[in-house]
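For the sequence shown, the numbering used here assigns the number 492 to the last residue and increments by one with no breaks.
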Amino acid sequence: YIDMVIYDAEHFFDGYKANPDYAMKTIKAAAEAGAERIVLCDTNGGALPMDIAQIVDVAYKTIDTPLGIHAHNDSDCAVANSLVAVDHGVIQVQGTVNGLGERCGNANIISIIPDIVFKMGYKCIPKENLRKLREVSRFVAELANLRHFKRQPFVGDSAFAHKAGVHVSAIQKNRGTYEHISPEDVGNYHKILVSDLSGKSNIIRKAAEFGLNIPEDSPQLREIVEKVKDLENQGYEFESAEASLNILMRKILGQYRKFFDLISYRVSVEKHKEENTPYSEATVRMRVGGRVEHTAAIGNGPVNALDNAMRKALCSVYPELREVELIDYKVRVLSTTKGTTAKVRVLIESTDGKDKWSTVGVSENVIEASWQALVESMEYKLLMEYEKNLR
């Protein structure tokens, strides 16, 4: 709350382009009527930074009242326009968290704040509050029931992520080589990605994040590098499935623990009348805790039924798996020229209410690819619980 009269000059920049004299008369009248701050609005989002700079300068020659800026993103310039306006003297910036707003959105205040502080040198936000930017950004995305944009500047998961071996090697020596600010300053962190482009540096750093120590001269290091490249050539993607990568590394390092074995599974889909909704049923036989579990479950699709049947088999021995919830499921066709025989990649994101993790499966059969990802999701949870109990 501000005890101040603020006048928002809607469509100001378009109005100025259509009739400069009249546009200036409107803000002059507002100032004379007692407005203590006048916000110039790019309501249609069509202005470019050079337009903003020129028109803000003309406005300041017309009135002495402090100015603000309200930018929309229809030309993908809302953040740039806001920064240019600040550079030309405006003292208030209007925006929204994550740029949420009508049409293409508003100026993204989550980007504007660190730009103003770290790039332009203004002290407008306490440092301890800047470290909450990522948290606030993710919280608002969650409230809006939107997936957080991983490539969002400053606060996205990819904002300080590094994949190419030379990049990782460089940031180990000097983080400024590939990071324009310290990610911790905005509540983020740098992240090492592993893919078929990865070298030894990526694998060593990523293993360390997982709590695994791999010496540089270890024969297992080369084996992991080669295995990752081989699997990614088959269609696996570990950038988005780090839990699967964690399990792969543990298997090669001899630090993997098997909690259950599949004996068999069967999935069926039935539809009795054209107007009826089909339903799926799955049966699973697994060896769990020294005994064979034979369970069946139905679901709103074959993967859901398989997931339900597997949980029935496992939860009697591992009750902690009741906490695990599948929160995202993606299928991507890898070879579109092969039609319904194409290989598919399934990515699953899971949570236990505290942590989130992702796993991957690849097969020409979408059920089998889903099974692989489901199994590793459960295995990862059990591995983390096992390690926690050892500490």
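Heads up, the beta-carbon is just placed ideally off N, CA and C, and yes, glycines get one too. None of the values given here were measured: they were computed from a predicted structure.
(request) Might you give, ordered along the chain, the residues of its own chain that have their beta carbon closer than 6 Å to the beta carbon of Val425, omitting 5 neighbours on each side? (result) Along the sequence shown, read from residue 1 onward, the residue named residue 425 stands at position 324. If you ignore the 5 residues before and after Val425, its C-beta comes within less than 6 Å of the C-beta of Ser451, Asp453 and Lys482, all in its own chain and listed in chain order.
(request) Identify which residue in Ser464, Ile399, Ile139 and Ala172 has its Cα closest to the Cα of Ala148. (result) In the sequence shown, the residue the question calls residue 148 occupies position 47. Among Ser464, Ile399, Ile139 and Ala172, the Cα nearest to that of Ala148 belongs to Ala172.
(message) Once the 5 residues before and after Cys225 are set aside, which same chain residues still bring their CB inside 7 Å of it?
(response) To locate residue 225, count along the sequence shown from 1; it is residue 124. Answer for Cys225: Ile217 and Val218, listed in chain order.
(message) So, under 8 Å CB-CB, Asn209 and Ala179 are touching, yes? Tell me the CB distance rounded to an integer number of Å.
(response) Position 108 of the sequence shown holds residue 209. Position 78 of the sequence shown holds residue 179. That belief holds up - the Cβ atoms of Asn209 and Ala179 are roughly 7 Å apart, short of 8 Å.
(message) Looking only at its chain, what residues have a beta carbon closer than 6 Å to the beta carbon of Ala181, apart from the 5 residues adjacent to it on each side?
(response) Here residue 181 refers to the residue found at position 80 when the sequence shown is read from its first residue. Excluding sequence neighbours, Ala181 sits near Pro150.
(message) Tell me the rounded alpha-carbon separation between Val159 and Gly462.
(response) The count along the sequence shown starts at 1 and reaches residue 159 at position 58. The count along the sequence shown starts at 1 and reaches residue 462 at position 361. When rounded, the distance between both Cα atoms is 60 Å.
(request) Return the residue from the list Leu141, Lys162, Ile164 and Thr163 that minimises the CA-CA distance to Ile153. (result) If you number the sequence shown from 1, residue 153 lands on position 52. It is Leu141.
(request) Would you give the residue range spanned by the beta strand (DSSP E) that Ser381 belongs to? (result) For the purposes of this step, residue 381 is taken as residue 280 along the sequence shown, with counting starting at 1. Run containing Ser381: Tyr380 to Val389, per the beta strand (DSSP E) assignment.
(request) Given a cut-off of 8 Å, decide if Ala124 and Gly135 are closer than it, judged by their beta-carbon atoms. (result) Along the sequence shown, read from residue 1 onward, the residue named residue 135 stands at position 34. Along the sequence shown, read from residue 1 onward, the residue named residue 124 stands at position 23. Taking 8 Å as the Cβ cut-off, Gly135 and Ala124 do not qualify as a contacting pair.
(request) Flag this pair as touching only if the stretch 395-405 and the stretch 369-384 have three or more C-beta atom pairs under 8 Å; answer yes or no. (result) The stretch 395-405 is in contact with the stretch 369-384.
(message) Please report the straight-line C-alpha distance between Met479 and Ala342, rounded to a whole angstrom.
(response) The sequence position of residue 479 within the sequence shown is 378, counting from 1. The sequence position of residue 342 within the sequence shown is 241, counting from 1. C-alpha of Met479 to C-alpha of Ala342: approximately 14 Å in a straight line.
(request) Could you tell me whether the Cβ atoms of Leu234 and Ile213 are closer together than 8 Å? (result) Position 133 of the sequence shown, counted from the first residue, corresponds to residue 234. Position 112 of the sequence shown, counted from the first residue, corresponds to residue 213. The Cβ atoms of Leu234 and Ile213 lie no closer than 8 Å to each other.
(request) Would you tell me roughly how many angstroms separate the C-alpha atoms of Asp362 and Glu243, rounded to the nearest one? (result) In the sequence shown, residue 362 corresponds to position 261, counting from 1. In the sequence shown, residue 243 corresponds to position 142, counting from 1. CA-CA distance, Asp362 to Glu243, rounds to 36 Å.
(message) Let me check understanding here. Comparing Cα to Cα, which of Val434, Gly400 and Val393 lies closest to Val418?
(response) Against the sequence shown, residue 418 aligns to sequence position 317. Out of Val434, Gly400 and Val393, Val393 has the C-alpha closest to the C-alpha of Val418.
(request) Would you kindly work out how many angstroms separate the C-alpha atoms of Phe339 and Asn347, rounded to a whole number? (result) Along the sequence shown, one-based indexing puts residue 339 at 238. Along the sequence shown, one-based indexing puts residue 347 at 246. Between Phe339 and Asn347, the C-alpha separation is close to 9 Å.
(request) Find out if the Cβ-Cβ distance for the pair Lys264, Asn303 is shorter than 8 Å. (result) Translated into the one-based positions of the sequence shown, residue 264 becomes position 163. Translated into the one-based positions of the sequence shown, residue 303 becomes position 202. If you check the CB distance, Lys264 and Asn303 come in under 8 Å.
(message) Pull the bridge partners of Leu168 from the DSSP assignment, please.
(response) Translated into positions along the sequence shown, residue 168 becomes position 67. According to DSSP, Leu168 shares a beta bridge with Ile139.
(request) Tell me, to the nearest whole angstrom, how far the beta carbon of Asp175 is from that of Gly146; I am working on the premise that it is less than 8 Å. (result) Here the question's residue 175 lines up with position 74 in the sequence shown. Here the question's residue 146 lines up with position 45 in the sequence shown. By a beta-carbon distance limit of 8 Å, Asp175 contacts Gly146. Their separation comes to about 3 Å.
(message) Suppose you measure from the CA of Arg423 to the CA of Lys457; what does that come to, to the nearest Å?
(response) The residue labelled residue 423 in the question sits at position 322 within the sequence shown. The residue labelled residue 457 in the question sits at position 356 within the sequence shown. In a straight line, the C-alpha of Arg423 is about 15 Å away from that of Lys457.
(message) Only counting the same chain, and skipping five residues up and downstream in sequence, which positions put a Cβ closer than 7 Å to that of Ser459?
(response) Taking the first residue of the sequence shown as position 1, residue 459 is located at position 358. Hits under 7 Å: Ser341, Ala342, Glu343, Ala344, Leu448, Ile449 and Glu450.
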